[in-house]
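J.: Every letter in the sequence shown is one number past the one before it in the working numbering, and letter 154, counting from 1, is 435. We treat Cβ as the ideally placed atom computed from N, Cα and C, and that holds for glycine. First the structure, which I've put down as structure tokens, then a few questions once you've had a look.
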Amino acid sequence: MRSWQDGRANLLAYAEDYAALAELLLTLSELDDVSWLVSAREVIDELVARFADDDGGGFFTTAVDAEQLIVRPKDFQDNATPSENSLGSDALLRLAALSGETGYEDRAREWLRDMAPIMAEHPTAFAFLLGALERAALAPIEVAIVGERDDPARAALFRELAERLVPASVLVVAGPEQDGALTPLLADRALVDGHATAYVCERYACQRPVNDPKELRAQLDDALARRT
């Protein structure tokens with residue numbers, strides 16, 4: 282629903298509501314608990330099913346089952362808040378990197394290709410969408426950090442990544458009991474010598490696992506250097 286107060290809901294949610302919620306859930310899956318990825322995928326699949334414009338690309342503002350209008354609107358431009366199409370494109374790309382499923386990426390890239398001419402002509406109108414374009418253009422960097430939740434060593438590895446800018450990256454932080462069921466980034470990600478361990482990967486091809494934040498920093502530096 283679009284709004285809720287005192288137990289009463291009013292108005293069906295718009296595409297931007299779904300897309301913004303998807304971005305939030307993806308961030309929670311990276312920072313808090315990887316199981317949020319299940320909800321993120323459900324919201325994104327619902328966004329595609331109810332709002333996608335399969336003929337013209339992108340997302341309509343209103344759902345397929347909403348009140349029928351003379352013209353079904355579609356918001357392109359980023360204003361004080363990003364448009365549903367900018368949020369949705371970024372969410373699709375992030376989910377693709379976390380899930381390894383290229384269908385999400387293909388849908389986002391189709392919209393970015395369609396929008397490229399107008400973005401080039403009016404870049405200030407598409408601030409958030411340009412961020413999604415950067416994510417699509419750069420080789421993705423995936424980082425998995427595995428360790429017990431209360432382990433200071435896991436926190437130190439996470440802090441090394443959190444305190445720096447790594448564009449077009451995705452992160453999962455999980456306990457050693459997690460496997461690849463939620464994301465292939467966690468498949469066969471064992472602790473090394475029983476300590477919290479970080480894996481730096483590019484399209485799931487990973488460097489050697491490390492326990493030391495300094496080694497993680499060096500691997501991130503190498504991955505970023507390969508982009509130039």
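Could you check the C-alpha separation between G428 and A449 for me, to the nearest Å?
T.: On the sequence shown, position 147 is the one that residue 428 refers to. On the sequence shown, position 168 is the one that residue 449 refers to. Approximately 24 Å, taken between the alpha carbons.
J.: In the DSSP output, which residue or residues are listed as bridge partners for A333?
T.: Numbered from its first residue, the sequence shown carries residue 333 at position 52. In DSSP, A333 forms a bridge with F340.
J.: Can you tell me which of the three DSSP states V319 falls into?
T.: Residue numbering aside, residue 319 sits at position 38 when the sequence shown is read from its first letter. If DSSP states are grouped into helix, strand and coil, V319 belongs with the helices.
J.: With respect to the alpha helix (DSSP H) encompassing E365, which residues constitute its N-terminal and C-terminal limits?
T.: For this step, residue 365 is matched to residue 84 along the sequence shown. Where E365 is concerned, the enclosing alpha helix (DSSP H) stretches over 365-380.
J.: Buried or exposed for A486, please, with buried defined as at least 16 other CB atoms from any protein chain shown within 10 angstroms of its CB.
T.: Sequence index remark: in the sequence shown, residue 486 carries index 205 (1-based). Under this definition A486 is an exposed residue.
J.: For the beta strand (DSSP E) holding I422, just list the boundary residues, first then last.
T.: For this step, residue 422 is matched to residue 141 along the sequence shown. From DSSP, the beta strand (DSSP E) with I422 extends over 422-427.
J.: Could you give the distance in angstroms between the alpha-carbon of L414 and the alpha-carbon of A301?
T.: Taking the sequence shown and counting its residues from 1, one reaches residue 414 at position 133. Taking the sequence shown and counting its residues from 1, one reaches residue 301 at position 20. Whole-angstrom Cα-Cα distance: 17 Å.
J.: Nearest to E311 by alpha carbon, out of A443, Y385, L293, D346?
T.: What you label residue 311 is simply residue 30 of the sequence shown in a count that begins at 1. Closest option to E311, judged by alpha-carbon separation, among A443, Y385, L293, D346: A443.
J.: Leaving aside the five residues before and after R508 along the sequence, list all residues of the same chain whose C-beta is less than 8 Å from its C-beta, in chain order.
T.: As a position in the sequence shown, residue 508 is number 227, starting the count at 1. Contacts found: L419, A420.
J.: Roughly how many angstroms separate the alpha carbons of S504 and L472, rounded to a whole number?
T.: The residue given as residue 504 occupies position 223 in the sequence shown. The residue given as residue 472 occupies position 191 in the sequence shown. Before going further, note that residue 504 is Ala rather than Ser in the sequence given. Rounded to the nearest angstrom, the two C-alpha atoms are 22 Å apart.
J.: Which residues in the same chain as D356 place their Cβ atom closer than 6 Å to its Cβ, once the five residues preceding and following it in sequence are excluded?
T.: Taking the sequence shown and counting its residues from 1, one reaches residue 356 at position 75. For D356, where only same-chain residues beyond five positions count, the Cβ hits under 6 Å are T342, S364, E365.
J.: Assuming contact is defined by CB atoms lying nearer than 8 Å, are E423 and P494 in contact in what I supplied?
T.: The sequence position of residue 423 within the sequence shown is 142, counting from 1. The sequence position of residue 494 within the sequence shown is 213, counting from 1. No.
J.: Please classify G337: is it buried, with 16 or more other beta-carbons within 10 angstroms of its beta-carbon, or exposed?
T.: On the sequence shown, position 56 is the one that residue 337 refers to. Classification for G337: exposed.
J.: Please list the segments of the beta strand (DSSP E) lying wholly inside the region 410-487, counting only runs of 3 or more residues, in order along the chain.
T.: With a minimum length of 3 residues, the continuous beta strand (DSSP E) runs that stay inside the region 410-487 are 422-427, 450-455, 478-483.
J.: Return the bridge partner residues of V491 from the DSSP annotation.
T.: Start at 1 with the first residue of the sequence shown, and residue 491 comes out as number 210. According to DSSP, which records beta bridges pairwise, V491 is partnered with A479.
J.: Does the Cβ-Cβ distance between E304 and A378 come in under 8 Å?
T.: Reading the sequence shown from its first residue, position 23 is the one you call residue 304. Reading the sequence shown from its first residue, position 97 is the one you call residue 378. The answer is no: Cβ separation not under 8 Å.
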